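In this text, residue positions in the sequence shown follow our numbering: the first is 14, and each later residue adds one. First comes the structure, then the notes that go with it.
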Amino acid sequence: MYYNEYGVIKMNDKYLKNTDIVKEIMNLMENIEYGFLDKNNHNIFLGENIGKRFNQEYHLMSPQELLQKKVGVCWDQVELERKLFTENNIKNSTYFIYIDDKQSLPSHTFLVFSINNKIYWFEHSWFDEKGVHEYNNIKDLLNDVKSKFIKSRENELPNFFKLYIYKYDKPKYNISCDEFYNYINTQEKIEEINLEDSMINEEKKHE
14 MYYNEYGVIK
24 MNDKYLKNTD
34 IVKEIMNLME
44 NIEYGFLDKN
54 NHNIFLGENI
64 GKRFNQEYHL
74 MSPQELLQKK
84 VGVCWDQVEL
94 ERKLFTENNI
104 KNSTYFIYID
114 DKQSLPSHTF
124 LVFSINNKIY
134 WFEHSWFDEK
144 GVHEYNNIKD
154 LLNDVKSKFI
164 KSRENELPNF
174 FKLYIYKYDK
184 PKYNISCDEF
194 YNYINTQEKI
204 EEINLEDSMI
214 NEEKKHE
C-alpha cells in the first residue's frame with residue numbers, strides 16, 4: 014500500500030483480498046481520535062459546553078485535513094472511510110441517523126459496504142460498536158444500528174421524539190454543523206418513525 018497524491022492510503026497490491034483491505038482501513042482509522050480541534054488545537058470534546066461550541070466552531074473536514082489533524086467526529090471519519098473504500102473499489106454507501114428531540118439532535122454517520130453478497134457495517138468512531146458487523150441484508154443492518162443508537166441515548170431522550178435515517182452522497186467539505194444537517198435533509202430519506210410508538214411496539218413483543 015502507498016500514499017497517493019491526496020495523502021490517503023491506497024492498497025494497490027493485487028494479491029490483497031477485500032477482507033484484508035478492510036482490515037488495513039480499520040488499522041488506519043485507529044490513528045484517528047474522536048473529537049474536533051479548535052483554533053488552539055484543543056479537542057473541544059474534552060472541555061465544557063461541547064454542544065454549543067460544536068455548533069459554533071465545527072466544519073466538515075476533508076479526508077486530507079482529518080489525516081493531518083488526526084481528530085474528527087463520525088461525520089469526518091466517514092468521509093475518510095468513503096474515500097478509502099471507493100479508491101479500493103469496494104462498493105459502499107453512507108448513512109446518517111438522528112433523533113429529533115427538539116434540542117441537541119443527536120446523530121451518527123456510518124459506512125456500509127458489500128463483499129461476496131454480504132453486507133457490512135463498518136464502525137470506527139462509535140467506541141462501543143467499533144468493528145465490522147456482518148448482515149444478510151440492509152434492513153437487518155439498519156434495524157440493528159437503529160436499536161443500538163436508541164439504546165445508547167435512552168437516558169437523555171424525551172417521551173416523544175422522532176428518528177430519521179438518510180442515505181447520503183458525499184457532501185461539500187468545510188460546511189458548518191447547520192449546513193450539514195440542511196444537506197442531509199436533501200438526501201434520500203430511508204426511514205422516519207415515531208419513537209414513542211416504536212418503543213411501545215417493542216415492549217409488546219417481549220410481553
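Even for Gly, the Cβ is constructed at its ideal location relative to N, Cα and C. Quick caveat: nothing in here was measured; it's all calculated off a predicted structure.
With DSSP as the reference, please indicate the residues paired to H146 in a beta bridge. Taking the sequence shown and counting its residues from 1, the one referred to as residue 146 is at position 133. DSSP, once it has assigned bridges, lists W134 as partnering H146.
Residues bridged to T122 by DSSP? Indexing the sequence shown from 1 puts residue 122 at position 109. F109.
Below 8 Å CB to CB, which residues in the same chain sit around I203 once its five sequence neighbours on both sides are set aside? Here residue 203 is taken as the residue at index 190 of the sequence shown, counted from 1. Contacts found: Y108, L155, I178, Y179 and K180.
Identify whether E70 lies in helix, strand or coil by the three-state DSSP scheme. For the purposes of this step, residue 70 is identified with residue 57 of the sequence shown, where counting begins at 1. Looking at E70 - three-state DSSP - the assignment turns out to be helix.
When DSSP labels each residue in this structure, what does Y196 get in the three-state scheme? Counting from one through the sequence shown, the residue named residue 196 turns up at place 183. Helix.
For N54 and G48, I'd like the C-alpha separation in whole angstroms. Here residue 54 refers to the residue found at position 41 when the sequence shown is read from its first residue. Here residue 48 refers to the residue found at position 35 when the sequence shown is read from its first residue. N54 and G48 have their C-alpha atoms some 11 Å from each other.
CA-to-CA distance, L41 to I110, given in whole angstroms: Position 97 of the sequence shown, counted from the start, is the residue given in the question as residue 110. Position 28 of the sequence shown, counted from the start, is the residue given in the question as residue 41. So the alpha carbons of these two residues sit roughly 24 Å apart.
Round the Cβ separation of K159 and L176 to the nearest angstrom and send it over; I've been treating them as touching at under 8 Å. Taking the first residue of the sequence shown as position 1, residue 159 is located at position 146. Taking the first residue of the sequence shown as position 1, residue 176 is located at position 163. Their Cβ separation, rounded to whole angstroms, is 7 Å, which keeps K159 and L176 in contact under 8 Å.
Run through the DSSP bridge pairs and tell me what V84 is partnered with. For the purposes of this step, residue 84 is taken as residue 71 along the sequence shown, with counting starting at 1. Answer by DSSP bridge pairing, in chain order: E46.
Report yes if the CB atom of I128 is closer than 8 Å to the CB atom of P119, and no otherwise. Locating residue 128 in the sequence shown gives position 115, counting from the first residue. Locating residue 119 in the sequence shown gives position 106, counting from the first residue. Not a contact, by the Cβ cut-off of 8 Å.
Of the choices V35, I103, F98 and H137, whose alpha-carbon is the least far from that of N44? Within the sequence shown, residue 44 is the residue found at index 31, counting from 1. Of the listed residues, the one whose Cα sits closest to N44 is H137.
Strictly by DSSP, which residues pair up with E204? Looking up residue 204 in the sequence shown gives position 191. The partner list for E204 (beta bridge, DSSP) reads I178.
Helix, strand or coil, according to DSSP, for S127 in the structure here? Working through the sequence shown from its first residue, we reach residue 127 at position 114. S127: strand per DSSP, three-state reduction.
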